[in-house]
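Asker:
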Amino acid sequence: MSTSDADLLCVTFNEDSTSLAIGRSCGYSLYSVNKAITDLTAIYNDQVYEDVIIVEHLYSSALVLIVSRQSPRKLRVHHFEKGKEMGTYSYSNNILAVKLNLSRVIVCLEESIHVHNIRTMKEVYTIKDMARNPQGLIALSSADTAYIAYPASSTSGQVDIFDTVNLCVAQSIAAHDAQLAALSLNTGGDLLATASSKGTVIRVFSLPSGDRLFEFRRGMARCATIHSLAFSQDSSYLCSSSNTQTVHVFKLPSISPEKSCATESSDDASNSYTSWVDYFSRTATHYLPSQMSDILQRETSFSTARLPFLSSFSAVALTKQVFLSKQKSSNQKSANSQRLTTEAHCGPAKAQTIKCIYWSPHKTVSYSVIGSPQLGVNVSW
571 MSTSDADLLC VTFNEDSTSL AIGRSCGYSL YSVNKAITDL TAIYNDQVYE
621 DVIIVEHLYS SALVLIVSRQ SPRKLRVHHF EKGKEMGTYS YSNNILAVKL
671 NLSRVIVCLE ESIHVHNIRT MKEVYTIKDM ARNPQGLIAL SSADTAYIAY
721 PASSTSGQVD IFDTVNLCVA QSIAAHDAQL AALSLNTGGD LLATASSKGT
771 VIRVFSLPSG DRLFEFRRGM ARCATIHSLA FSQDSSYLCS SSNTQTVHVF
821 KLPSISPEKS CATESSDDAS NSYTSWVDYF SRTATHYLPS QMSDILQRET
871 SFSTARLPFL SSFSAVALTK QVFLSKQKSS NQKSANSQRL TTEAHCGPAK
921 AQTIKCIYWS PHKTVSYSVI GSPQLGVNVS W
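Quick note on the working numbering: the sequence shown kicks off at 571 and runs consecutively.
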């Protein structure tokens, strides 16, 4: 899959990272990324809509929500299997973002958020008089909790959590000193990841309590622009992409699933050592200035992947667990591609797969699969 940068206007993964939606100057395209981790399978290609600046695909259904550059205040619901428009909805200002799950459609404007029932598209609530949100920064969890997270301030990193089921504010969190750059909610709606405009620190909070659980240092660069944050489906990993060439993967240890047989014995052997290191780290923070204490407690990514070129935008997704068969290492190189697989221990191994879409003003759009952080699989083209 490739297209010119001028032709591509937007790109998003769906809620469970099984499909990729691409908005173009002459329509939109849907691709399946679930059948095989290294393949993109075309689902649908539309050439009717023009200048599609927002496109959102509802899970594996035939419903797609579209906003065009010609009509930025109109939301169109398209059923691509029937080839018909199911409805058009108008708003008082330009639509900056659209999020949806099985119960809600969320439409974000610069100074208001509109909550719709997805079955009837009736507007059930409007969040008004909110802080200016010119980037349309918003995140939505699954239908069970249906939380939305959005900036509560245009100058600081305050985040409001709104319960779209009970229609009330669930929590307000002072996430960063600087204004927000990225937000992500996990599928269960009990974890929130945030990054500020400085881009050096990523924080994870528990919901609805608002307690800070983790703080990660993205890299050595003083400042970076975070483009995308994404949790894995089981909430054991968090990945990020930015205007640098590096995709970072962070492990969320307290909520990780049971470790595989390949790592159990080594983990048991190192538990004593790790607990002592953690103890001394926590103790030392009480005797250090607050800034030094925060730095000491920050963890770095346990896995990274490097993109082929600097991109003007990138979006990442962590898929459901896939199974990688046991195979020996192989390396095939050509002028434009490189494929690398790594032997998996203990038979078939569960692995998370990172999918990244990115583009640059002077290069074609590319799609990469950055495979198992545990096994080091890296496939890109």
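Ideal placement from N, C-alpha and C gives every residue a C-beta, glycine not left out.
Considering Y601, what are the terminal residues of the beta strand (DSSP E) in which it resides?
Answerer: Position 31 of the sequence shown, counted from the first residue, corresponds to residue 601. Y601 -> beta strand (DSSP E) spans 597-602.
Asker: Once DSSP output is grouped into helix, strand and coil, what is the label at P778?
Answerer: Position 208 of the sequence shown, counting from 1, holds the residue named residue 778. Note: P778 maps to coil in three-state DSSP.
Asker: With C-beta atoms as the reference, is A887 less than 8 angstroms away from A800?
Answerer: Within the sequence shown, numbered from 1, the residue matching residue 887 stands at position 317. Within the sequence shown, numbered from 1, the residue matching residue 800 stands at position 230. Yes, they are a contact pair.
Asker: Let me know the secondary structure DSSP gives P721 once reduced to three states.
Answerer: Within the sequence shown, residue 721 is the residue found at index 151, counting from 1. Three-state DSSP puts P721 in a strand.
Asker: Please report the straight-line C-alpha distance between R639 and E693, rounded to a whole angstrom.
Answerer: Mapped onto the sequence shown, residue 639 falls at position 69. Mapped onto the sequence shown, residue 693 falls at position 123. Cα to Cα, the separation comes out at about 23 angstroms.
Asker: Let me make sure I understand the geometry here. Which of F650, C793, S641 has the alpha-carbon closest to that of Y659?
Answerer: In the sequence shown, residue 659 corresponds to position 89, counting from 1. Comparing Cα positions, the closest option is S641.
Asker: Can L783 and V774 be called in contact, C-beta distance under 8 angstroms?
Answerer: Along the sequence shown, read from residue 1 onward, the residue named residue 783 stands at position 213. Along the sequence shown, read from residue 1 onward, the residue named residue 774 stands at position 204. Against a cut-off of 8 angstroms, the Cβ pair of V774 and L783 comes out as a contact.
Asker: What do you get for T757, buried or exposed, if any count of 16 or more other CB atoms within 10 angstroms of its CB means buried?
Answerer: Working through the sequence shown from its first residue, we reach residue 757 at position 187. Buried, because 16 or more other Cβ atoms sit within 10 Å of the Cβ of T757.
Asker: Could you check the C-alpha separation between V817 and Y807 for me, to the nearest Å?
Answerer: Mapped onto the sequence shown, residue 817 falls at position 247. Mapped onto the sequence shown, residue 807 falls at position 237. Approximately 13 angstroms, taken between the alpha carbons.
Asker: I796 and S810 look like a contact to me (Cβ under 8 angstroms); what is the Cβ gap, rounded to whole Å?
Answerer: For the purposes of this step, residue 796 is taken as residue 226 along the sequence shown, with counting starting at 1. For the purposes of this step, residue 810 is taken as residue 240 along the sequence shown, with counting starting at 1. Indeed they touch by this definition, with Cβ atoms about 6 angstroms apart.
Asker: In the DSSP output, which residue or residues are listed as bridge partners for Q728?
Answerer: To locate residue 728, count along the sequence shown from 1; it is residue 158. In the DSSP output, where bridge partners are listed per residue, Q728 has A744.
Asker: Kindly identify the DSSP beta-bridge partner or partners of L974.
Answerer: What the structure shows of the chain is the stretch from 571 to 951, and residue 974 is not part of that stretch, so it cannot be assessed.
Asker: In angstroms, rounded to a whole number, what distance separates the CA positions of S712 and I624?
Answerer: Here the question's residue 712 lines up with position 142 in the sequence shown. Here the question's residue 624 lines up with position 54 in the sequence shown. Using only the alpha carbons, I get a separation of about 20 angstroms.
Asker: For C678 versus G706, is the C-beta distance shorter than 8 angstroms?
Answerer: Numbered from its first residue, the sequence shown carries residue 678 at position 108. Numbered from its first residue, the sequence shown carries residue 706 at position 136. Result yes, Cβ atoms of C678 and G706 sit closer than 8 angstroms.
Asker: Does the Cβ of D838 have 16 or more other Cβ atoms within 10 Å, making it buried, or fewer, making it exposed?
Answerer: Taking the first residue of the sequence shown as 1, we reach residue 838 at position 268. Note that D838 scores 43 on pLDDT, short of 50, meaning its location in the model is unreliable; the coordinates nonetheless yield the value given after this. D838 is exposed by the Cβ-count criterion.
Asker: Just to confirm, are R674 and T734 a CB contact at a threshold of 8 angstroms?
Answerer: Position 104 of the sequence shown, counted from the first residue, corresponds to residue 674. Position 164 of the sequence shown, counted from the first residue, corresponds to residue 734. Cβ atoms of R674 and T734: closer than 8 angstroms.
Asker: Checking the sheet assignment: what are the DSSP bridge partners for N615?
Answerer: Along the sequence shown, one-based indexing puts residue 615 at 45. DSSP output for N615 lists S599 as bridge partner(s).
Asker: Would the beta-carbon of R674 be found less than 7 angstroms away from any heavy atom of the ligand COA?
Answerer: In the structure on display, the ligand COA does not appear, and there are no ligands present to speak of.
Asker: Where does S900 land, buried or exposed, given buried means 16+ other C-beta within 10 angstroms?
Answerer: Locating residue 900 in the sequence shown gives position 330, where the first residue counts as 1. Below a pLDDT of 50, predicted positions are generally treated as unreliable, and S900, at 32, falls in that range; the measurement from the model is reported next regardless. Classification of S900: exposed, given that the 10 Å Cβ count is below 16.
Asker: Quick one: what's got a C-beta closer than 8 angstroms to V739's C-beta in the same chain, skipping five residues either side?
Answerer: Here residue 739 refers to the residue found at position 169 of the sequence shown. Cβ neighbours of V739 beyond the five flanking positions: D730, I731, F732, D733.
Asker: How about A716 and I708: are their beta carbons less than 8 angstroms apart?
Answerer: Taking the first residue of the sequence shown as position 1, residue 716 is located at position 146. Taking the first residue of the sequence shown as position 1, residue 708 is located at position 138. No.
Asker: Beta carbon of S532, beta carbon of A763: below 8 angstroms?
Answerer: The structure shown has nothing for residue 532, since the chain only spans 571 to 951.
Asker: Can you list, in chain order, the residues of its chain with a C-beta nearer than 7 angstroms to that of F650? Leave out the 5 residues immediately preceding and following it.
Answerer: Within the sequence shown, the letter at position 80 stands for residue 650. Within the same chain, F650 has close Cβ partners Y614, D616, A632, V634.
Asker: Counting C-beta neighbours from all protein chains within 10 Å, is the total for Y727 16 or more, i.e. buried, or is it exposed?
Answerer: One-based indexing of the sequence shown puts residue 727 at position 157. Per the sequence shown, residue 727 should be read as Gly rather than Tyr. Per the 10 Å Cβ criterion, buried.
Asker: Using 8 angstroms as the threshold, is the C-beta distance between D621 and L672 below it?
Answerer: The residue given as residue 621 occupies position 51 in the sequence shown. The residue given as residue 672 occupies position 102 in the sequence shown. Contact: no.
Asker: Going by the DSSP bridge assignment, what does D699 pair with across the sheet?
Answerer: Here residue 699 is taken as the residue at index 129 of the sequence shown, counted from 1. Answer is none; D699 lacks a bridge partner.
Asker: Helix, strand or coil for N841 per DSSP?
Answerer: On the sequence shown, residue 841 is found 271 positions in, with the first residue counted as 1. The predicted model places N841 with a pLDDT of 43, which falls under 50 and marks its position as unreliable; any figure quoted below should be read in that light. Helix.
Asker: From R876 to T814, what does the alpha carbon distance come to, in whole angstroms?
Answerer: One-based indexing of the sequence shown puts residue 876 at position 306. One-based indexing of the sequence shown puts residue 814 at position 244. So the alpha carbons of these two residues sit roughly 9 angstroms apart.
Asker: Name the DSSP beta bridge partners of K669, please?
Answerer: What you label residue 669 is simply residue 99 of the sequence shown in a count that begins at 1. Its beta-bridge partners are I676.
Asker: Report the CB separation of I683 from I697 in whole angstroms; it is logged as a contact under 8 angstroms.
Answerer: Locating residue 683 in the sequence shown gives position 113, counting from the first residue. Locating residue 697 in the sequence shown gives position 127, counting from the first residue. Confirmed, Cβ separation roughly 4 angstroms.
Asker: Judging by CA-CA distance, which residue of A794, Q741, Y601, C596 is the nearest neighbour of A751?
Answerer: Locating residue 751 in the sequence shown gives position 181, counting from the first residue. Residue A794 is the option with its Cα nearest to A751.
Asker: I need the straight-line Cα distance from G769 to K652, nearest angstrom please.
Answerer: On the sequence shown, position 199 is the one that residue 769 refers to. On the sequence shown, position 82 is the one that residue 652 refers to. Spanning the two alpha carbons is a distance of roughly 43 angstroms.
Asker: Please report the distance separating the alpha-carbon of S587 from that of A667.
Answerer: Locating residue 587 in the sequence shown gives position 17, where the first residue counts as 1. Locating residue 667 in the sequence shown gives position 97, where the first residue counts as 1. Looking at the two C-alpha atoms, the distance is approximately 18 angstroms.
Asker: Verify whether the separation of the beta carbon atoms of S589 and S602 is less than 8 angstroms.
Answerer: As a first step, residue 589 must be located in the sequence shown, where it is residue number 19. As a first step, residue 602 must be located in the sequence shown, where it is residue number 32. Taking 8 angstroms as the Cβ cut-off, S589 and S602 qualify as a contacting pair.
Asker: What is the rounded straight-line gap between the Cα of D781 and the Cα of H746?
Answerer: Numbered from its first residue, the sequence shown carries residue 781 at position 211. Numbered from its first residue, the sequence shown carries residue 746 at position 176. Answer to the nearest angstrom: the Cα atoms are 13 angstroms apart.
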